[in-house]
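FYI, the numbering for the sequence shown is 1 to 137, going by UniProt numbering. Just so it is clear, CB atoms sit at the ideal spot from N, CA and C, and this is done for glycine as well. Reading through the structure tokens given below for one structure.
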Amino acid sequence: MDCLFCNIINKKHDAHVIFEDDSHIVIMDKYPIQKGHSLVIPKIHHEKIIDMTNEEVGALFSKVPDVARGIIAATGADGFNLGQNNGRSANQIIPHVHVHIIPRYQKVGNPWARRMIATDGDLKELAKKIRDNIKSS
Numbered sequence: 001m002d003c004l005f006c007n008i009i010n011k012k013h014d015a016h017v018i019f020e021d022d023s024h025i026v027i028m029d030k031y032p033i034q035k036g037h038s039l040v041i042p043k044i045h046h047e048k049i050i051d052m053t054n055e056e057v058g059a060l061f062s063k064v065p066d067v068a069r070g071i072i073a074a075t076g077a078d079g080f081n082l083g084q085n086n087g088r089s090a091n092q093i094i095p096h097v098h099v100h101i102i103p104r105y106q107k108v109g110n111p112w113a114r115r116m117i118a119t120d121g122d123l124k125e126l127a128k129k130i131r132d133n134i135k136s137s
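The structure is reproduced here in structure tokens:
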């Protein structure tokens, strides 16, 4: 199986990592909806969340609050959305479970479907800033 996220986890493909432990990795979304858009990814490959155990799902979502706090502190976002798509018809582009953390900004509004193209430099700088602002609970 050739999975982009598995390749990132196995260091065969580059990504802007903002958090990593034994079971999860968090990366910057290469095509962000908003500045700071990040993905929380379990290292064990599952295509859909229904393929995971309840414990695995709990462990995945337990990473979200600390990462979201780091994103808000680094970006000055006013809020955030969580997204988790399952299957192609639900707009899951990469068939490996992941949770989107999408910062929201009052001054920008909520253009849900609009995406930006971020430069590598921007992603690298912001990834460091978020990393520096993540405080595990």
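By Cβ distance, which residues of its chain are closer than 7 Å to Q92, with the 5 residues on each side in sequence left out? N85 and N86
Complete alpha helix (DSSP H) runs within the stretch 45-100 (minimum length 4 residues, chain order): 54-62 and 64-75
Nearest residue (CA-CA) to C3, options I72, V97 and E125: V97
Run the CB neighbour count on H13, radius 10 Å, all protein chains shown included, and call it buried at 16 or more, exposed below. exposed
Residues near H46 in its chain [Cβ-Cβ closer than 6 Å; skip 5 each side]: M52 and V97
Looking at the strands, I want to know which residues DSSP matches up with I41. I25
Proximity below 9 Å, CB of Q34 to CB of A90: no
Where I102 sits in the DSSP three-state scheme: strand
Apply the 10 Å Cβ neighbour rule to L126 and answer buried if 16 or more other Cβ atoms are within range, or exposed otherwise. buried
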